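**Student:** Dropping a structure here in structure tokens format, bear with me for questions.
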Amino acid sequence: SLSVSARISEVLDYLSSRTGVEHCSVSENDACIERAVAWADVMVLSKHRSARAMELVKLAKRLGKGVVYDIDDWIFSFPSYSGAAAGNACDYTLDIIAQCDFMTVANQVLMERVPLVVPGAKLIYLPNGMWVERYGSSAPKAFRTDQVPRIVFTNADFLKVQKSKDAILSAL
9 SLSVSARISE VLDYLSSRTG VEHCSVSEND ACIERAVAWA DVMVLSKHRS ARAMELVKLA
69 KRLGKGVVYD IDDWIFSFPS YSGAAAGNAC DYTLDIIAQC DFMTVANQVL MERVPLVVPG
129 AKLIYLPNGM WVERYGSSAP KAFRTDQVPR IVFTNADFLK VQKSKDAILS AL
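Here this note's numbering is used: the first residue of the sequence shown is 9, the next is one more, and so on.
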């Protein structure tokens, strides 16, 4: 999803270009996920809540890996139309978070609200960001405020546009 791209992939790509950090993105249902967990030093989960994700967290902990749980919105309740709404999946969110070394949150509201649901969470405020230099020229353009393009973005659960991110950003 775009939120995962902005929060996780973008940061990891930046670190990779600057420090050589290696990273990969693997679905929890991919056949190679156990090998990926064994390969990595740290596993980052983004809003995971399934029994499979819980198994992977336990595997990572047994292997001595660090585990980080990232959220950018309120994951403790979903509207009825959401693909992640109650009843669509077993919810292991709190069990997963309890096993994590750290929990990163996207904004101050989450910093304030998460401890009400997860009192022991080791929270780190990690605001969203993009490595903007990656997508544009090195010289910033000056715009008249009455001619600045306006963009509205809306997100739906499970919206997947990762493969077309570069095309979308180029078009914008």
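We treat Cβ as the ideally placed atom computed from N, Cα and C, and that holds for glycine.
It should be emphasised that the depicted structure is a prediction, and the values quoted were computed from it without experimental measurement.
What's the gap between the Cα of R57 and the Cα of D38?
**Tutor:** 16 Å
**Student:** Measuring straight from C-alpha to C-alpha, what distance separates L134 and M62?
**Tutor:** 23 Å
**Student:** How long is the line joining the alpha carbons of S85 and R15, rounded to whole angstroms?
**Tutor:** 21 Å
**Student:** Please classify I105: is it buried, with 16 or more other beta-carbons within 10 angstroms of its beta-carbon, or exposed?
**Tutor:** buried
**Student:** Compare the beta carbon distance of A46 and V34 with 8 Å and say whether it is the shorter of the two.
**Tutor:** Not closer than 8 Å, so no.
**Student:** Ordered along the chain, which non-local residues of its own chain (more than five positions away) have a Cβ less than 7 Å from that of K55?
**Tutor:** Cβ neighbours of K55 beyond the five flanking positions: I79, I83.
**Student:** Buried or exposed: which applies to V117, given that a residue is buried once 16 or more other Cβ atoms fall within 10 Å of its Cβ?
**Tutor:** exposed
**Student:** Do you know whose CA, among F110, T101, C108, lies nearest V125's CA?
**Tutor:** T101
**Student:** Which first and last residues belong to the alpha helix (DSSP H) in which D78 is found?
**Tutor:** Counting along the chain, D78 falls outside any alpha helix (DSSP H), though it belongs to the beta strand (DSSP E) covering 74-79.
**Student:** Just to confirm before moving on: does the CB-CB distance between K73 and D49 stay below 8 Å?
**Tutor:** yes
**Student:** Please list the segments of the alpha helix (DSSP H) lying wholly inside the stretch 10-66, counting only runs of 4 or more residues, in order along the chain.
**Tutor:** 18-27, 41-47
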